[in-house]
Every structure is written in C-alpha cells, then in structure tokens.
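Undergrad:
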Amino acid sequence: MKPTDIKNPEYFHKVVDCQYACPSHTPVPEYIRLIAARRYGDAYMVNWHSNVFPGILGRTCDRPCEPACRRVRVEEQPVAICRLKRVAADNKGDIRERLPAIPKKKNGKRIALIGAGPASLTVARDLAPLGYRIDIYDNQFAGGGMMRSQIPSFRLPIEVLDEEVNYILEMGVNSTFDVEVDSLRDILNKDYDAVFVGTGAPRGKGLNLPGLEDAREHVFLGIDWLASVAFEHTDRIGKRVLVLGGGNTAMDCCRTSRRLGGEEVRVVVRSPFEDMKASPWEKEDAMHEGIPIYNNHVPVEFVLEDGKLKGMTFEKVEAHYDDDGKRSLVPTGEDLVFMEADDVLMAIGQENAFPWIERDLGIEFDKWDMPVVDSTTFQSTNERVFFGGDAAFGPENIITAVAHGHQAAVSIDLFCRGEPVTERPPPQVNLISQKMGVHEWSYDNAVEMDKRYAVPLAPLAASLKNRKVEVELGFDVDTGYKEAERCLNCDVQTVFEEVRCIECDACVDVCPTDCISFVPNREEEDLRGRLMAPASNLAQDLYVSMDLPTGRVMVKDENVCLHCGLCAERCPTAAWDMQKFLYNVTKAGQ
Amino acid sequence: MSYQIPKFRHPDLPVNELGYTKADYEGAISTLCAGCGHDSISGAIVKACHEMSLEPHKIAKLSGIGCSSKSPAYFLGKSHGFNSVHGRMPSVVTGAAMANRELLYLGISGDGDTASIGMGQFAHVIRRALNMVYIVMNNGCYGLTKGQDSATADAGSASKKGDPNPFAGIDLCSLALQMGATFVARSFSGDKTQLLPLIKAAISHRGFALIDVVSPCVTFNNNPGSTKSYEYVREHAEATGTVDFVPIMHEITTQYPPGTTQEVTMHDGSVLHLHKVSETLDPFDRVSAMTALEQHRNDGSILTGLIYLDKNSRDLHDMLQTSQRPLNQLDESDLCPGNKMLVNINASLR
Chain A
38 MKPTDIKNPE
48 YFHKVVDCQY
58 ACPSHTPVPE
68 YIRLIAARRY
78 GDAYMVNWHS
88 NVFPGILGRT
98 CDRPCEPACR
108 RVRVEEQPVA
118 ICRLKRVAAD
128 NKGDIRERLP
138 AIPKKKNGKR
148 IALIGAGPAS
158 LTVARDLAPL
168 GYRIDIYDNQ
178 FAGGGMMRSQ
188 IPSFRLPIEV
198 LDEEVNYILE
208 MGVNSTFDVE
218 VDSLRDILNK
228 DYDAVFVGTG
238 APRGKGLNLP
248 GLEDAREHVF
258 LGIDWLASVA
268 FEHTDRIGKR
278 VLVLGGGNTA
288 MDCCRTSRRL
298 GGEEVRVVVR
308 SPFEDMKASP
318 WEKEDAMHEG
328 IPIYNNHVPV
338 EFVLEDGKLK
348 GMTFEKVEAH
358 YDDDGKRSLV
368 PTGEDLVFME
378 ADDVLMAIGQ
388 ENAFPWIERD
398 LGIEFDKWDM
408 PVVDSTTFQS
418 TNERVFFGGD
428 AAFGPENIIT
438 AVAHGHQAAV
448 SIDLFCRGEP
458 VTERPPPQVN
468 LISQKMGVHE
478 WSYDNAVEMD
488 KRYAVPLAPL
498 AASLKNRKVE
508 VELGFDVDTG
518 YKEAERCLNC
528 DVQTVFEEVR
538 CIECDACVDV
548 CPTDCISFVP
558 NREEEDLRGR
568 LMAPASNLAQ
578 DLYVSMDLPT
588 GRVMVKDENV
598 CLHCGLCAER
608 CPTAAWDMQK
618 FLYNVTKAGQ
Chain B
-18 MSYQIPKFRH
-8 PDLPVNELGY
2 TKADYEGAIS
12 TLCAGCGHDS
22 ISGAIVKACH
32 EMSLEPHKIA
42 KLSGIGCSSK
52 SPAYFLGKSH
62 GFNSVHGRMP
72 SVVTGAAMAN
82 RELLYLGISG
92 DGDTASIGMG
102 QFAHVIRRAL
112 NMVYIVMNNG
122 CYGLTKGQDS
132 ATADAGSASK
142 KGDPNPFAGI
152 DLCSLALQMG
162 ATFVARSFSG
172 DKTQLLPLIK
182 AAISHRGFAL
192 IDVVSPCVTF
202 NNNPGSTKSY
212 EYVREHAEAT
222 GTVDFVPIMH
232 EITTQYPPGT
242 TQEVTMHDGS
252 VLHLHKVSET
262 LDPFDRVSAM
272 TALEQHRNDG
282 SILTGLIYLD
292 KNSRDLHDML
302 QTSQRPLNQL
312 DESDLCPGNK
322 MLVNINASLR
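As structure tokens, this is what we get:
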C-alpha cells in the first residue's frame, strides 16, 4: 500500500466517525469535551455555528452520528450524542452577545427565501451577517417550517423552537408570514439577486382503498393532521385510532393521538418490525406509551356499517428477501384481520410538490417532476434559483436541510459576487499536538467503561394528559458529565512520524485493541489479514507509514482505536503524538 | 499519565483452545520507561502462553530484583508470582519446582540479577538441570540505579553518560553451555518473529532452558557507542537460522525446500523446525555451539537464534527420582510408611 496522505483533511475527518456521518459535519467530540468541562455556552456555540438549531436537534435529530459512533464497535451502545447536545442547549445561559453582528450597511444584494424551515433559516443565518438583505416567505404564521407543523410539542417545546428560530429572524430578516407563495415568477420579478427554495416535502401520501370515499370524514393524512394539531385546529380524536405507516411521522401521529383522547391506538405497518423506517428510539417511545405495533399487515379496505367507519381489514404477509436483498411481501394466506377504528391516520410517506413554480422559468424538472438541482452547489438550471432541504432531493431530515442550507449559502454568496459556484472553499482544518508534558495530555484520555445513561422521562400519566408536556426531561448536568466522559475523543488523532521511530514495538505491545502492527508492506487486501488482529471492517481505513529502517511499515487499523494515547505514552521517541484534529465545513463569506 | 489499560479489546481477537484471548494473559500496565525492551519481551511471553493454550493458573513467574524483575507484574496477571531477593530467584524456583513439578516455571532475571549478584545461583541452577525457562532481559546496564555498566556490558561499549567499559562482558550463553544447559538461545527484544518461537520451544523443553534476550535500555544504553542499542543490535545480529515452532497436535503447514530444514520433536510432542541453519553451527553439538559463540564474539557480531539443544535432556526430577505428585497432594499415608516399614528398615541396618 502507498503511505497514507494525512495532509488530506478527509483522512482524519473519516476517523471522527460521528462528525463524518453528520450531514453538517458538526465537530462532535469537540463540543462533548466542552460539556464535560461544563462550558455549556461554548459547547452550544460550536453546535450553533455548525447546525444552527442545537436545542431543537438535541431533541429531534435523526442522529446519523450515533450508529456511526466508534463505541458501538467495542461495546453495545453509542455515546448519547444527541441528548448531550441538549445538555449544552439547556444550560448555555444567555448567548445572544455571541451571535454574529449584523452590519448596518448592507452589501446591496437582496435574497428571497421561500419557506421558513430549517434550510431557509440556515441560508439566512449564513448570509445576514454578510450584509445581505433577506426576505423570507412562509404560509405558516411563524418560522420553523416542518419543525413547527410536524414535530409534536411533547418532543419539542414551542419555546425552544421559537428561541432558535428567532435568533435568525432577529438578524434583520424581513419575514412575510401567513402568505402562500403561489408564483415563483412573481418572486423573480421582484429582482432578487438570488432566490432560495426551501419549501420542504409538504404533500402527504394517501392510500386509495375501497371504502375511502365514505370513510373520508374519519381518515386523515398524517402530516396534515399533525399540523392541524400544532396550530390548534384539532384537539381531539376518536377512542380507537389506527395509524398506518412505520416512519417517524407515524410515531408522532400515534403518540399525539394518545394525548387527544385516543385510548386504543394501534400502529399498523406492512413491513417487518426491523425494516420500519422509524428510528429505533421513536418506536421504543411509542411502545412505552402503550401503543402496540402490528407489523406484516397490509391494509385492504375500510369497513363501514350504516355509512359509518367501523374499522379496517388487513392481510397478513411475510417478508421474503431475494439474493440481492430485495424484499417482497408475500401473503400468508391466513384470514383477513379486522381492527376496529373510529379514526384512521395515514402516515405512509410524503413527497414534494411544486405547483407554484411555473415551468417556463428555465428551471428544468426531471421525469419524477422534481427540479434538477446540482448536489454540490444546490443551484437549479436557472442560475438565480437555488434549492435546499427536502425541496431539493425529497424528504430527509432537519440536519440534512441545515447542511444543504450552508452549502446553498456558499453558492449564493459566490454567485452574488460573480464568482463561479463550482469552486468550493476547502474545509477549515487544524491539527494540534495535545502534549502537555511527559505522558500528559490536554484531553481526558482515560477510557470510561460506563454504559449509556438513559434520559429520564416525565411520568407517563402526566405527559399523556397534555400534549404540551415534554416527555424527555434531558440529562441533569452530572449525568451529562458522565455521559460526556464516555466519548472516546476520536478527533484526537494518532499521528505517526516515521523518521523518529526506532521500531521498539512498545506501541504494538501496549495497544489495548491491537490496532498497530509493524509488517512487510503488501497490497491492502493481503495486509488486512496479516495484522495483530484481523482488519475486517473495510469501511475503516488502514493508516500506513513510509518504509522503516527494517524494511517494514507501520500499519494502524483505525477501526477500534480507543484514542487512549497509550501508543504515544509508551513511545520513547515521540514518533507517535496525539493531535487534535478540528474540521469545520467552510461557511459563506469565510 | 495513564495508570490503567482501557478494558475494551479488539472484538475479533483470536481465541485459543481454552477459550481465552490474549487479553486473559496480560498483566498490569507497565511502569517501565517508554520503549523499554523488557515490555516487548513481556508481550512475547503473553503471546507465547496464549498461543500454546497454557492454563494461566499452571504457570509460576519468579524474579529477583531490577527493571527486568519488575516486569512479571506486566504479564500473566492470573498466574502465580514470586518476587524474590536480589539474585536468589533460582533458589526459590528450585524449592517450588521440587514441591510441585506440574507448574511451568518461568524465571525472569536481568543482567545484574544474573551475572553479578546472582552469578552463583545462576551457575548452580543450570548445573542441577532444573526444569525451567530462564529469561534474561539483558540491557548491559543497571537501569534502576541510573545506568552503570553491568557485567554483561561488552568491552568498549559506552552507555549514555559513561566512558567505554574497560572490562570484558560475561557471555551468559557461553556460561550456560559450560554449566551444562540443555537449551540455549539468544534473541533480541526488537525481533518478536524470532523471539516468539524460541520462547515456545523453551517452554516445551524438559530441563534447563536459557534465553538471553538483548533488550535495549532506552533511557541509559540506547546511544551511539553502546553495543546493546536498538540500532547496534539490528546491524550486528546474525541469526543461526529460522526457528518455527509447531505445537503438539497441530498440522504442519509450513513447507520448506528439502534439505534446508531440520525437524526436532520436543518432549511434549511439539515440533521444532530449524530452517536455514548456518553452515558453521550444529545446534545439537555443544562444542560446535561454543565455537560458534566464540567466533561471532571475535567478529564483533551477535549470534542470535537457537544456539544449542540437547534432544535427550534430563531434568532434576529425573535425576533425583522425586515424587510425581505435588507435595501438597501427599497425605499421611503417603508420607508415613508405618511402623512395620520402620522395623524393616531398622532390621536391615542391624
């Protein structure tokens, strides 16, 4: 193998699994250390610069970082990264002084943002401090988009949402709420220098099953129903509720139903339980509230009696997987299952809809009627129009929308300055030794064996009574400290300098997880089988040195390195050093 | 400074015949200097015991005083241990071995503990052919007292702050041959590929087995001018050949071209392959071994690898016809033959 090029910022970035997995690449270990140091305001700001909504995301994020956490590869549970973010948000104090200053003198450029969800707000947050005039339009009465209309208050209190949305709206953003934008042409005619479309995926999918016409009064689309609850148009539901679908929206629907009078609430999903799209913790939360999940049940029809909805029938199926892992649901041949229902909520997916975009504006649409958007620049085929969030490539999540927003803001800024949007700024990278003395590091290198701490919950009876009572209470600061100490500091990199190495093997002998080997160089596939322990996780790189005096090379399998620093402590010549790698995605104007 | 090794281990660590991973043979975190050769030797002992599927509670590690003799704390944490008086480890092993022949006796010593204060003990334990593995972690200096030259420092070798040593060094391998050792090897802490099969072979050998391991002292004797530095040893080591150890009951998979390899079956049934053995050495002939050691010393090179092996070795138990069973398992009926036997004995003396 060729020696590893550690000067390429993506090499060490990939070692920080959580940050690498995060769409916004939030420097996770950096803020977790700040939480452990009880510097909550600082931890909050690291988050805020990267993901804009730490308080919101600390409660609602899909947390792609957690399955990626290195801890999963040496024990069972990842660090509770998401809930630690909330600890920072809950204890940050007043940070308004630390928000960027908004210049009084503007730069003369005007930007329109359509939709006031996480993607648009991120664009505003990046461009307002640079002197752009920003007009934001939304059909809801306040900003937040789906974070306001689709996420129930028992998961995300309205105060937390308002606080973080307002940090941005108070940057001198000119907002037009309660107005439906029904023509992009009208917006373009207002001579904006650029327009950003962040209108989400607002259309819920339905199932057109027999009996629907007559049952329509008691059948609702999940996201519309959640919005109607959030905006206080709906405050009750029947005693027996069926929720169709297995995603996070279905989980929000069933749990909201429990709070609005639903006593027998059931989730019915076509797929096996394991294949459900909902995050595992959201399924757990629903079941904790006494909501059974029926899997492998395909809805067949609405059953009515005297013109009134009685329930639904379902066909039982089994999942079969072919060699490519493709799934088919095969009926078991058993009798249809009947389930009683007063109301049915359909939460089987959502999609984009752009009826308000005229098709002669130079914006190309593909065969699925989705706008053609560049996945790096987020520019459409009309160079003045940018897309981001769910509006760009279909439904994802908040953190992805934020990542899109940052990149779209970079593009808009380049575009408005007349520079090519394809020339992306490189990330901001810093690599600094953590050595403070002999065998002494500026980070807490001891590896804690604590199991993941559970977040305490409000009493079930109280939270089911009122949909505005937040279910999760969040970690207290002491538990937050203990959970933060579980972090392995994967951003503190093991950096190897071959000219110093005397090949004494001290690092090999001390490494608790057998990551380091000194072996004759081979091709990667061959090499992976010749190390101290087999390097079978192909998703994790091998760090290979140049040739050493004995003709061998140092090979480190990054897979289960605990970043404990023992290799560097036991190295007599400081050929190993522990160096903190800070990687920040470059934002607009930086 | 870390005081503990993290408890997490690689999830795919190989498991031996007893179901143990290498981690089950480890000890406490080392407090020796970073980069000390002794830690590598400890690592090799851990690996050898794991790969041979030895039961940790059937091993006794014994040592004297010195950096070397601290190191048993850093391996085999679940085995028996005895840290004895300076240079007196052989006496303690002798007592233990006489009392219980079922344990593996692993003596760990240094150049001071063996070649200075313990010289007499060393000579006599070899002469008595005690069934043990005697590993000398040989760094040519007294590291624990700031690096003075030891008795194995070569003439002319200079440690970090010292003048060239005016005295000739004691060659422990030559001495062991002279005293009748039946397994003599030398290795280098920086070459585990060689050290590991030698440790395994020594464990399989019945009788006295010496491995003299050159183990650089990174703090006091790893400088230019020293003949026991990593760099010097790598440049001057000359291996007698390649040793490949195949444990008992294991299929022999390594293929060597015919005529280049000698096979030795050890007492416990395991097989030793000696590959590419140098033409000037017959490792089964004591005179040849002694000559080879002397020649390399004259040439200024360090002869490593298996130097001498007596295939028909006997140990002290064989010579003295001691009890097969450990003394702690003998009860009164075994130890007291009774009045009738006493009468017979007395009668035979009349």
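Each protein sequence line maps, in turn, to chains A and B.
Per the working numbering, the first sequence runs over residues 38 to 627.
Per the working numbering, the second sequence runs over residues -18 to 331.
Glycine residues also receive a C-beta, built at the ideal position from the N, C-alpha and C atoms.
Suppose you measure from the CA of Ala499(A) to the CA of Val506(A); what does that come to, to the nearest Å?
TA: 8 Å
Undergrad: What is the DSSP secondary structure of Gly332(B), reduced to helix, strand or coil?
TA: Residue 332(B) lies beyond the range of chain B shown here (-18 to 331); nothing can be said about it.
Undergrad: Could you tell me whether any Cβ in chain B is nearer than 8 Å to the Cβ of Ile553(A)?
TA: no
Undergrad: Sort Arg(-10)(B), Ser170(B), Val73(B) and Ala77(B) by Cα distance to Gly99(B) and report the nearest one.
TA: Ranking the options by Cα distance to Gly99(B), first place goes to Val73(B).
Undergrad: Three-state secondary structure (DSSP) at Pro178(B)?
TA: helix
Undergrad: Using a Cβ cut-off of 8 Å, which residues of the region 532 to 561 of chain A contact any Cβ in chain B, in chain order?
TA: Ile539, Glu540, Cys541, Asp542, Ala543, Val545, Asp546, Val547, Pro549, Thr550, Asp551 and Cys552
Undergrad: Determine contact between the region 464 to 479 of chain A and the region 90 to 98 of chain A, defined as no fewer than three beta-carbon pairs at a distance below 8 Å.
TA: no
Undergrad: Please state whether DSSP places Val162(A) in a helix, a strand or coil.
TA: Going by the sequence as given, residue 162(A) is Arg instead of Val. Three-state result, Arg162(A): helix.
Undergrad: Excluding the 5 residues preceding and the 5 following Leu136(A) in the sequence, name in chain order all residues of the same chain whose CB lies nearer than 7 Å to its CB.
TA: Tyr204
Undergrad: May I ask you to list, following chain order, the residues of the region 478 to 490 of chain A that have a beta carbon less than 8 Å from some beta carbon of chain B?
TA: Asn482, Ala483, Val484 and Met486
Undergrad: Say the cut is 7 Å; is the CB of Pro101(A) nearer than that to a heavy atom of the ligand GTP?
TA: In terms of ligand content, the structure shown is empty, and the ligand GTP therefore cannot be addressed.
Undergrad: Restricting to Cα atoms, I'd like to know which of Gly76(B), Thr272(B), Ser170(B) and Leu(-1)(B) is closest to Pro307(B).
TA: The candidate whose alpha carbon is nearest that of Pro307(B) is Gly76(B).
Undergrad: Which of the residues in the region 202 to 231 of chain B, read from start to end, lie with their CB under 8 Å from any CB of chain A?
TA: Asn203, Tyr211, Glu212 and Arg215
Undergrad: Would you please state the rounded distance, in angstroms, between the beta carbons of Thr623(A) and Ile539(A)? I believe it to be under 8 Å.
TA: Rounded, the Cβ-Cβ distance is 40 Å, inconsistent with contact.
Undergrad: Whole angstroms is fine: what's the gap from Leu330(B)'s alpha carbon to Leu323(B)'s?
TA: 11 Å
Undergrad: Kindly say whether Val199(B), judged by its beta-carbon, lies nearer than 8 Å to any beta-carbon of chain A.
TA: yes
Undergrad: Going along chain A, which residues have a C-beta under 8 Å from Asp(-7)(B)?
TA: Ala570, Pro571 and Ser573
Undergrad: Please name the residues in the region 594 to 614 of chain A whose beta-carbon is closer than 8 Å to at least one beta-carbon of chain B, in chain order.
TA: Residues Val597, Leu599, Cys601, Gly602, Leu603, Glu606, Arg607, Cys608, Pro609 and Thr610.
Undergrad: Using a Cβ-Cβ distance under 8 Å, would Val111(A) count as near chain B?
TA: yes
Undergrad: DSSP on Tyr86(B), reduced to helix/strand/coil?
TA: strand
Undergrad: Quick one: does Ser21(B) have its CB under 8 Å from some CB of chain A?
TA: yes
Undergrad: Which class does Val116(A) belong to by DSSP, given the choice of helix, strand or coil?
TA: coil
Undergrad: For Ala105(A) and Ala58(A), which I take to be in contact (beta-carbon distance under 8 Å), what is that distance rounded to the nearest angstrom?
TA: 4 Å
Undergrad: What residues in the region 96 to 112 of chain B bring their beta carbon closer than 9 Å to a beta carbon of chain A?
TA: none
Undergrad: What does Thr223(B) pair with, by DSSP beta-bridge criteria?
TA: Per DSSP, His256(B).
Undergrad: Could you tell me the distance, in whole angstroms, from the CA atom of Leu494(A) to the CA atom of Leu249(A)?
TA: 38 Å
Undergrad: Between the Cα of Ile151(B) and those of Asp193(B), Ala139(B) and Lys127(B), spot the shortest distance and give me the residue it belongs to.
TA: For the residues Asp193(B), Ala139(B) and Lys127(B), the minimum Cα distance to Ile151(B) belongs to Asp193(B).
Undergrad: List, from N- to C-terminal side, the alpha helix (DSSP H) runs of 4 residues or more that fit wholly inside the region 150 to 217 of chain B.
TA: Correct list: 153 to 160, 173 to 185 and 211 to 217.
Undergrad: Does the CB of Phe169(B) have a neighbour CB from chain D at under 8 Å?
TA: The chain labelled as chain D is not found among the protein chains of the depicted structure, namely A and B.
Undergrad: Taking Leu19(A) as part of the alpha helix (DSSP H), name the residues at either end of that continuous run.
TA: Lying before the first or after the last residue shown, residue 19(A) is absent from chain A, which here runs from 38 to 627.
Undergrad: So, do the region 220 to 229 of chain B and the region 245 to 259 of chain B have three or more beta carbon pairs nearer to each other than 8 Å?
TA: Flag = yes, the region 220 to 229 of chain B and the region 245 to 259 of chain B touch.
Undergrad: Determine the DSSP secondary structure at Phe214(A), reduced to helix, strand or coil.
TA: The DSSP-derived three-state label of Phe214(A) is coil.
Undergrad: Please report the residue range of the alpha helix (DSSP H) in which Asn64(B) lies.
TA: No alpha helix (DSSP H) holds Asn64(B); the beta strand (DSSP E) holding it covers His61 to Asn64.
Undergrad: What does Arg267(B) reach in chain A if we use C-beta pairs closer than 9 Å?
TA: None at all; the shortest Cβ gap to chain A is about 33 Å.
Undergrad: By the three-class DSSP mapping on this structure, what secondary structure does Asp130(B) have?
TA: In the structure shown, Asp130(B) sits in a strand (DSSP, three-state: E or B).
Undergrad: Determine contact between the region 157 to 177 of chain B and the region 92 to 112 of chain B, defined as no fewer than three beta-carbon pairs at a distance below 8 Å.
TA: yes
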